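So the sequence shown is numbered by numbering that gives the first Met the number 0: it starts at 0 and just counts up by one. Written below as structure tokens is the structure these notes are about.
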Amino acid sequence: MAPRLQLEKAAWRWAETVRPEEVSQEHIETAYRIWLEPCIRGVCRRNCKGNPNCLVGIGEHIWLGEIDENSFHNIDDPNCERRKKNSFVGLTNLGATCYVNTFLQVWFLNLELRQALYLCPSTCSDYMIGDGIQEEKDYEPQTICEHLQYLFALLQNSNRRYIDPSGFVKALGLDTGQQQDAQEFSKLFMSLLEDTLSKQKNPDVRNIVQQQFCGEYAYVTVCNQCGRESKLLSKFYELELNIQGHKQLTDCISEFLKEEKLEGDNRYFCENCQSKQNATRKIRLLSLPCTLNLQLMRFVFDRQTGHKKKLNTYIGFSEILDMEPYVEHKGGSYVYELSAVLIHRGVSAYSGHYIAHVKDPQSGEWYKFNDEDIEKMEGKKLQLGIEEDLEPSKSQTRKPKCGKGTHCSRNAYMLVYRLQAQERPNTTIQVPAFLQELVDRDNSKFEEWCIEMAEMRKQSVDKGKAKHEEVKELYQRLPAGAVKALCKECVVERCRVLRLKNQLNEDYKTVNNLLKATVKGSDGFWVGKSSLRSWRQLALEQLDEQDGDADQSSGKMNGNTLNKDESKEERKEEEEELNFNEDILCPHGELCISENERRLVSKEAWSKLQQYFPKAPEFPSYKECCSQCKILEREGEENEALHKMIANEQKTSLPNLFQDKNRPCLSNWPEDTDVLYIVSQFFVEEWRKFVRKPTRCSPVSSVGNSALLCPHGGLMFTFASMTKEDSKLIALIWPSEWQMIQKLFVVDHVIKIMRTEGGDANLSETQYISEPKLCPECREGLLCQQQRDLREYTQATIYVHKVVDNKKVMKDSAPELNVSSSETEEDKEEAKPDGEKDPDFNQSNGGTKRQKISHQNYIAYQKQVIRRSMRHRKVRGEKALLVSANQTLKELKIQIMHAFSVAPFDQNLSIDGKILSDDCATLGTLGVIPESVILLKADEPIADYAAMDDVMQVCMPEEGFKGTGLLGH
Numbered sequence: 000m001a002p003r004l005q006l007e008k009a010a011w012r013w014a015e016t017v018r019p020e021e022v023s024q025e026h027i028e029t030a031y032r033i034w035l036e037p038c039i040r041g042v043c044r045r046n047c048k049g050n051p052n053c054l055v056g057i058g059e060h061i062w063l064g065e066i067d068e069n070s071f072h073n074i075d076d077p078n079c080e081r082r083k084k085n086s087f088v089g090l091t092n093l094g095a096t097c098y099v100n101t102f103l104q105v106w107f108l109n110l111e112l113r114q115a116l117y118l119c120p121s122t123c124s125d126y127m128i129g130d131g132i133q134e135e136k137d138y139e140p141q142t143i144c145e146h147l148q149y150l151f152a153l154l155q156n157s158n159r160r161y162i163d164p165s166g167f168v169k170a171l172g173l174d175t176g177q178q179q180d181a182q183e184f185s186k187l188f189m190s191l192l193e194d195t196l197s198k199q200k201n202p203d204v205r206n207i208v209q210q211q212f213c214g215e216y217a218y219v220t221v222c223n224q225c226g227r228e229s230k231l232l233s234k235f236y237e238l239e240l241n242i243q244g245h246k247q248l249t250d251c252i253s254e255f256l257k258e259e260k261l262e263g264d265n266r267y268f269c270e271n272c273q274s275k276q277n278a279t280r281k282i283r284l285l286s287l288p289c290t291l292n293l294q295l296m297r298f299v300f301d302r303q304t305g306h307k308k309k310l311n312t313y314i315g316f317s318e319i320l321d322m323e324p325y326v327e328h329k330g331g332s333y334v335y336e337l338s339a340v341l342i343h344r345g346v347s348a349y350s351g352h353y354i355a356h357v358k359d360p361q362s363g364e365w366y367k368f369n370d371e372d373i374e375k376m377e378g379k380k381l382q383l384g385i386e387e388d389l390e391p392s393k394s395q396t397r398k399p400k401c402g403k404g405t406h407c408s409r410n411a412y413m414l415v416y417r418l419q420a421q422e423r424p425n426t427t428i429q430v431p432a433f434l435q436e437l438v439d440r441d442n443s444k445f446e447e448w449c450i451e452m453a454e455m456r457k458q459s460v461d462k463g464k465a466k467h468e469e470v471k472e473l474y475q476r477l478p479a480g481a482v483k484a485l486c487k488e489c490v491v492e493r494c495r496v497l498r499l500k501n502q503l504n505e506d507y508k509t510v511n512n513l514l515k516a517t518v519k520g521s522d523g524f525w526v527g528k529s530s531l532r533s534w535r536q537l538a539l540e541q542l543d544e545q546d547g548d549a550d551q552s553s554g555k556m557n558g559n560t561l562n563k564d565e566s567k568e569e570r571k572e573e574e575e576e577l578n579f580n581e582d583i584l585c586p587h588g589e590l591c592i593s594e595n596e597r598r599l600v601s602k603e604a605w606s607k608l609q610q611y612f613p614k615a616p617e618f619p620s621y622k623e624c625c626s627q628c629k630i631l632e633r634e635g636e637e638n639e640a641l642h643k644m645i646a647n648e649q650k651t652s653l654p655n656l657f658q659d660k661n662r663p664c665l666s667n668w669p670e671d672t673d674v675l676y677i678v679s680q681f682f683v684e685e686w687r688k689f690v691r692k693p694t695r696c697s698p699v700s701s702v703g704n705s706a707l708l709c710p711h712g713g714l715m716f717t718f719a720s721m722t723k724e725d726s727k728l729i730a731l732i733w734p735s736e737w738q739m740i741q742k743l744f745v746v747d748h749v750i751k752i753m754r755t756e757g758g759d760a761n762l763s764e765t766q767y768i769s770e771p772k773l774c775p776e777c778r779e780g781l782l783c784q785q786q787r788d789l790r791e792y793t794q795a796t797i798y799v800h801k802v803v804d805n806k807k808v809m810k811d812s813a814p815e816l817n818v819s820s821s822e823t824e825e826d827k828e829e830a831k832p833d834g835e836k837d838p839d840f841n842q843s844n845g846g847t848k849r850q851k852i853s854h855q856n857y858i859a860y861q862k863q864v865i866r867r868s869m870r871h872r873k874v875r876g877e878k879a880l881l882v883s884a885n886q887t888l889k890e891l892k893i894q895i896m897h898a899f900s901v902a903p904f905d906q907n908l909s910i911d912g913k914i915l916s917d918d919c920a921t922l923g924t925l926g927v928i929p930e931s932v933i934l935l936k937a938d939e940p941i942a943d944y945a946a947m948d949d950v951m952q953v954c955m956p957e958e959g960f961k962g963t964g965l966l967g968h
């Protein structure tokens with residue numbers, strides 16, 4: 000227990016048994032001696048509330064003690080960026096370039112390749128002046144070979160812990176934010192390097208790729224009829240081995256070389272027989288390279304989903320690989336030793352992280368290369384166990400046991416074997432002079448940076464120490480006179496609080512037992528049911544606050560105040576919280592009229608509760624309820640009765656309009672009338688809402704048809720639009736219904752559609768005329784504004800519906816909320832508070848004089864009507880997303896990924912039957928408008944995406960290396 004808490008308990012232990020009225024001067028002096036004297040001496044560990052002698056609240060315990068120098072600055076030690084002795088240099092991950100970094104480290108530790116690249120001629124002479132390099136001009140490699148030269152020179156002799164390969168990556172034209180196929184990168188880069196070096200005059204440079212990585216095999220086909228053998232020679236730089244159904248590397252090699260039968264439709268045309276014959280075909284290894292690259296085909300194409308997937312199966316391999324059984328010509332040296340293992344951590348082919356385990360050919364020690372971080376393995380042994388445990392697998396397959404000199408991995412995707420030599424190379428590869436001078440220049444810049452950072456750290460520490468001494472001197476000057484007495488009232492209050500905290504649990508049981516008894520007569524008290532349910536928690540919080548513990552736990556100490564926004568928010572929340580028994584207070588501060596919210600408790604129970612809540616409002620059982628609330632209740636009941644009567648009358652007068660039966664239709668004009676009237680659909684919805692729930696809604700007293708007219712008094716809809724897209728905004732009324740509407744409501748403007756036959760004998764077609772007539776200018780302006788709104792919206796809601804098993808999405812699916820089917824969506828909306836006026840309808844009983852409205856006001860109304868009429872009813876399997884029109888489809892897919900845990904490359908999106916595939920297009924150009932429903936079909940969701948390692952990145956579907964420098968040759 001902390002020293003301060005021990006002092007606290009010792010000082011006030013007597014208060015747990017002494018009643019407040021029994022507190023004596025001796026108790027006060029005891030508390031002072033145990034509690035306050037340590038504060039004066041600086042022994043306490045937290046701010047003592049109300050004690051002016053306690054200096055802890057202003058940081059005394061920090062400033063008077065020893066302070067770590069690192070607390071005076073936020074600058075990391077520059078030596079942490081320095082290369083460790085006898086270690087290698089790492090490479091910066093530029094976003095998703097870990098696959099490039101792993102191969103660069105593997106190629107760097109191929110001594111023959113590094114030596115050959117150092118022998119390449121360089122254009123660095125353009126930057127030379129005499130025997131040196133221009134100081135003011137940075138070296139910029141011009142070719143891939145020069146980039147690789149410079150990188151290898153830095154990896155060999157740089158003083159930095161890691162270097163930046165951005166120049167090399169930029170020269171290849173790679174996208175640093177998109178992860179690519181590592182195996183494809185290796186093939187393409189080797190091909191590019193071979194093509195580039197083929198122009199060199201030095202044969203040791205020109206042929207280095209073939210000498211190190213190139214082997215040869217033959218496709219051999221043997222006719223079963225005549226025995227003729229045909230060969231097709233081919234070079235290879237790596238062997239691509241299928242791992243499906245295999246557990247050992249040797250099994251994969253055997254399958255690669257196994258004999259294939261050509262029969263049936265797949266028969267072979269034999270030139271000797273001049274006909275198709277059954278035959279056998281196999282691969283024969285003719286020669287093997289010094290460096291044997293074995294590609295484990297973990298990433299395969301899934302025909303069902305149309306995407307790649309990763310095979311997370313264990314494959315065993317040994318450190319020594321004898322290839323003699325597999326080659327055609329025996330007797331040579333075909334024993335290889337493992338030199339590198341390239342690892343892909345992750346369960347998906349489109350995400351994860353690449354690292355490499357590489358053996359130093361000179362020391363024989365194993366290193367793990369993980370971008371900037373390099374770790375030396377202990378005991379010169381390859382250790383893959385940690386890597387295998389980092390990533391959970393979909394399958395529950397146990398890791399096979401591995402014998403000495405063997406390993407097994409479910410993440411290894413490439414194994415590099417080197418031809419076994421009799422002894423390790425002792426020669427040190429020298430960096431060419433011009434490259435070494437570039438490295439020295441970079442090292443000088445690094446050392447200057449280290450000195451600058453160290454100086455900044457020293458200055459910060461010196462300032463901090465000076466301030467430390469200044470504050471210590473200030474503390475020594477502060478007066479700390481003794482206080483020989485404490486305030487008796489405060490001691491009594493503290494005694495009461497501690498005593499109540501000690502007996503709270505016992506009193507809680509007592510109150511519960513008292514509440515079980517029935518209260519008889521008029522001796523009881525009214526207590527809120529909500530307060531009774533949480534009175535112990537309320538009491539504990541109140542006692543903690545009074546005791547000062549609440550301030551300590553929330554960090555409200557001197558010198559540790561909350562910011563302005565947080566304090567305002569906390570004060571607002573505290574004001575909104577009700578104290579004990581305030582839940583039965585009416586708005587006028589009297590006893591509420593609802594007896595369902597309160598209950599009677601006995602006098603004994605109330606007495607116990609009052610000890611903890613002395614300021615709680617008290618209502619004896621004989622206390623009358625609030626008279627004002629009773630009057631309002633009676634008025635409310637009268638209003639409800641009036642509303643019910645009005646609703647019943649209107650429902651009886653307009654039964655078909657209420658039930659939406661036998662409604663007229665413009666596209667199929669009824670024969671028995673030539674006139675139809677128009678009102679806003681919003682008016683009909685509001686009126687139906689009132690008729691269904693008259694006690695929750697205010698009556699609709701007027702028909703606001705002005706909202707359907709432009710500022711010039713013209714109609715905003717054409718006859719054609721009212722039969723199609725605008726039909727949701729209007730409601731057609733029969734002439735008989737219109738007469739009743741005029742009696743029941745105040746109508747500001749009459750809008751009607753009339754059918755007339757052509758007057759000319761040659762014009763027998765029917766014509767439709769509106770009154771008032773259409774305003775073409777305002778109609779055109781409305782259409783333009785609507786289109787602009789659909790293209791320029793921000794923070795609008797759309798819905799994404801996930802389709803499962805290609806099942807058709809039903810429009811009338813049940814709502815997600817568990818609501819009665821007889822209650823419409825409008826019924827679920829709360830009625831407007833009394834006195835709140837609807838912005839679109841004048842519900843007063845005033846005249847029908849038309850109000851002047853601006854075009855902007857009308858547009859605003861139209862937007863509201865559109866939102867109401869196009870409101871989407873959310874169904875199961877849907878999620879609402881906030882989007883903007885200028886947002887790209889790629890950004891939307893990222894939102895969908897977080898909402899549904901479906902990676903972007905697994906998302907097939909469509910809207911109204913149209914496939915959304917252009918990731919760079921904006922939602923506005925794709926026709927995605929507010930309230931749209933986008934269908935999502937997931938091909939292959941990534942399991943455990945949220946639990947993946949921080950370094951693992953989810954990228955968009957790769958387009959391969961199209962457009963990069965790897966395909967330029």
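Each residue gets a CB set at the ideal place from its N, CA and C atoms; glycine is no exception. Being a predicted model, the structure only gives us computed values, none of them experimental.
Find the nearest neighbour of Val415 within the set Lys742, Gln294, Asp522 and Ser530, judged by alpha-carbon distance. Here residue 415 refers to the residue found at position 416 of the sequence shown. The residue with the shortest Cα to Cα distance from Val415 is Gln294.
For Gly226, which option in Thr279, Arg283 and His245 has the closest C-alpha, if you only look at C-alpha atoms? Here residue 226 is taken as the residue at index 227 of the sequence shown, counted from 1. Nearest of Thr279, Arg283 and His245 to Gly226, Cα basis: Thr279.
With distance defined between alpha-carbon atoms, name the residue in Leu731, Arg302 and Gln649 nearest to Phe744. Mapped onto the sequence shown, residue 744 falls at position 745. Looking at the Cα atoms, Gln649 is the closest of the given residues.
Spell out a yes or no on whether the stretch 245 to 255 and the stretch 200 to 212 are touching, meaning 3 or more CB-CB pairs, one atom from each, closer than 8 Å. no
Can you check whether the CB of Phe960 is closer than 8 Å to the CB of Gln179? The count along the sequence shown starts at 1 and reaches residue 179 at position 180. The count along the sequence shown starts at 1 and reaches residue 960 at position 961. Cβ distance < 8 Å, so Gln179 and Phe960 count as in contact.
I believe Tyr236 touches Met189 by the beta-carbon criterion, under 8 Å. Please report the beta-carbon distance rounded to the nearest angstrom. Residue mapping note: residue 236 aligns to position 237 of the sequence shown, counting from 1. Residue mapping note: residue 189 aligns to position 190 of the sequence shown, counting from 1. Contact flag correct, Cβ pair sits at about 5 Å.
How about Ala920 and Arg790: do their beta carbons lie closer than 8 Å? As a working note, residue 920 is residue 921 in the sequence shown. As a working note, residue 790 is residue 791 in the sequence shown. Contact flag unset, no.
Which partner residues does Ile252 have in the DSSP bridge list? Locating residue 252 in the sequence shown gives position 253, where the first residue counts as 1. DSSP lists no partner for Ile252.
For Val346 and Lys936, I'd like the C-alpha separation in whole angstroms. As a first step, residue 346 is located in the sequence shown; it is residue number 347 there, counting from the start. As a first step, residue 936 is located in the sequence shown; it is residue number 937 there, counting from the start. Between Val346 and Lys936, the C-alpha separation is close to 21 Å.
Closer than 7 Å by C-beta to Lys329: which residues in its own chain qualify, once you throw out the five before and the five after it? Chain order, please. Position 330 of the sequence shown holds residue 329. Only Glu323 meet the Cβ criterion.
Could you compute how far the alpha carbon of Val901 sits from the alpha carbon of Leu922? Within the sequence shown, residue 901 is the residue found at index 902, counting from 1. Within the sequence shown, residue 922 is the residue found at index 923, counting from 1. About 20 Å.
From what residue to what residue does the alpha helix (DSSP H) around Glu648 run? In the sequence shown, counting from the first residue as 1, residue 648 sits at position 649. It spans Ser626 to Ser652 - the alpha helix (DSSP H) in which Glu648 sits, taken as one unbroken run.
Got a sec, what are the start and stop residues for the beta strand (DSSP E) Arg344 sits in? Indexing the sequence shown from 1 puts residue 344 at position 345. First-last of the beta strand (DSSP E) with Arg344: Val334 to Arg344.
Among Cys251, Ile354 and Thr122, nearest to Val99 - alpha-carbon criterion: Counting from 1 along the sequence shown, the entry for residue 99 is found at position 100. Cα-wise, what sits closest to Val99 is Ile354.
When the Cα atoms are used, what is the spatial distance from Gln273 to Val221? Counting from one through the sequence shown, the residue named residue 273 turns up at place 274. Counting from one through the sequence shown, the residue named residue 221 turns up at place 222. Computed Cα separation, rounded: 14 Å.
Are the beta-carbon atoms belonging to Thr122 and Gln141 less than 8 Å from one another? Start at 1 with the first residue of the sequence shown, and residue 122 comes out as number 123. Start at 1 with the first residue of the sequence shown, and residue 141 comes out as number 142. Cβ atoms of Thr122 and Gln141: closer than 8 Å.
Are Ser735 and Asn704 closer than 8 Å when you measure CB to CB? By 1-based counting over the sequence shown, the position of residue 735 is 736. By 1-based counting over the sequence shown, the position of residue 704 is 705. Contact flag unset, no.
Assuming Val674 contacts Ile797 (C-beta within less than 8 Å), just tell me the rounded distance between them. Taking the first residue of the sequence shown as 1, we reach residue 674 at position 675. Taking the first residue of the sequence shown as 1, we reach residue 797 at position 798. No, Val674 and Ile797 are not in contact; Cβ-Cβ is about 41 Å, not under 8 Å.
Per DSSP, cross-strand counterpart(s) of Leu881: Position 882 of the sequence shown, counted from the start, is the residue given in the question as residue 881. Its beta-bridge partners are Thr796.
What are the start and end residues of the beta strand (DSSP E) that includes Phe368? For the purposes of this step, residue 368 is taken as residue 369 along the sequence shown, with counting starting at 1. First-last of the beta strand (DSSP E) with Phe368: Trp365 to Asn369.
Residue range of the unbroken alpha helix (DSSP H) whose run includes Thr204: Here residue 204 is taken as the residue at index 205 of the sequence shown, counted from 1. Looking at the sequence itself, residue 204 is Val, so the reference to Thr does not match. From DSSP, the alpha helix (DSSP H) with Val204 extends over Pro202 to Arg205.
Please list the segments of the alpha helix (DSSP H) lying wholly inside the stretch 208 to 287, counting only runs of 4 or more residues, in order along the chain. 248 to 256
Look at Lys642 and Pro698 and say whether their C-beta atoms are less than 8 Å apart. Mapped onto the sequence shown, residue 642 falls at position 643. Mapped onto the sequence shown, residue 698 falls at position 699. The sequence given here has His at residue 642, not Lys. Yes, these two residues count as a Cβ contact at 8 Å.
Buried or exposed: which applies to Ile732, given that a residue is buried once 16 or more other Cβ atoms fall within 10 Å of its Cβ? For the purposes of this step, residue 732 is taken as residue 733 along the sequence shown, with counting starting at 1. The residue in question, Ile732, is buried, as its Cβ has 16 or more Cβ neighbours within 10 Å.
Leu915 by DSSP, collapsed to three states: which one? Taking the first residue of the sequence shown as position 1, residue 915 is located at position 916. If DSSP states are grouped into helix, strand and coil, Leu915 belongs with the strands.
In this structure, how does DSSP classify Glu756 when only helix, strand and coil are distinguished? The sequence position of residue 756 within the sequence shown is 757, counting from 1. Note: Glu756 maps to strand in three-state DSSP.
Taking the straight line between their C-alpha atoms, what separation do you get for Tyr860 and Leu707? By one-based count along the sequence shown, residue 860 stands at place 861. By one-based count along the sequence shown, residue 707 stands at place 708. In this predicted model, Tyr860 has a pLDDT of only 45, less than 50, meaning its place in the structure is not dependable enough to derive any value.
Over the uninterrupted beta strand (DSSP E) stretch that includes Met376, give me the two end residues. On the sequence shown, residue 376 is found 377 positions in, with the first residue counted as 1. Segment: none, Met376 is in no beta strand (DSSP E) and carries neither H nor E.
Check whether the stretch 337 to 352 touches the stretch 69 to 88, counting contact only when three or more Cβ pairs, one atom from each stretch, lie closer than 8 Å. no
Among Arg778, Asp174 and Glu639, whose alpha-carbon lies nearest the alpha-carbon of Pro710? Along the sequence shown, one-based indexing puts residue 710 at 711. When each option's Cα is compared against that of Pro710, the closest is Arg778.
For Val864 and Asn595, I'd like the C-alpha separation in whole angstroms. Numbered from its first residue, the sequence shown carries residue 864 at position 865. Numbered from its first residue, the sequence shown carries residue 595 at position 596. In this prediction, Val864 has a pLDDT of 45, which is less than 50 and means its spatial position is unreliable; what the coordinates show is noted afterwards. Roughly 41 Å separates the two Cα atoms.
Cβ separation of Ile597 and Gly527, assumed to be a contact under 8 Å, to the nearest whole Å: Counting from 1 along the sequence shown, the entry for residue 597 is found at position 598. Counting from 1 along the sequence shown, the entry for residue 527 is found at position 528. The sequence given here has Arg at residue 597, not Ile. Yes, they are in contact, since the Cβ atoms of Arg597 and Gly527 sit about 5 Å apart, within 8 Å.
CA-CA distance, Glu183 and His800? The residue you call residue 183 lines up with position 184 of the sequence shown. The residue you call residue 800 lines up with position 801 of the sequence shown. For Glu183 and His800, the distance between alpha carbons rounds to 36 Å.
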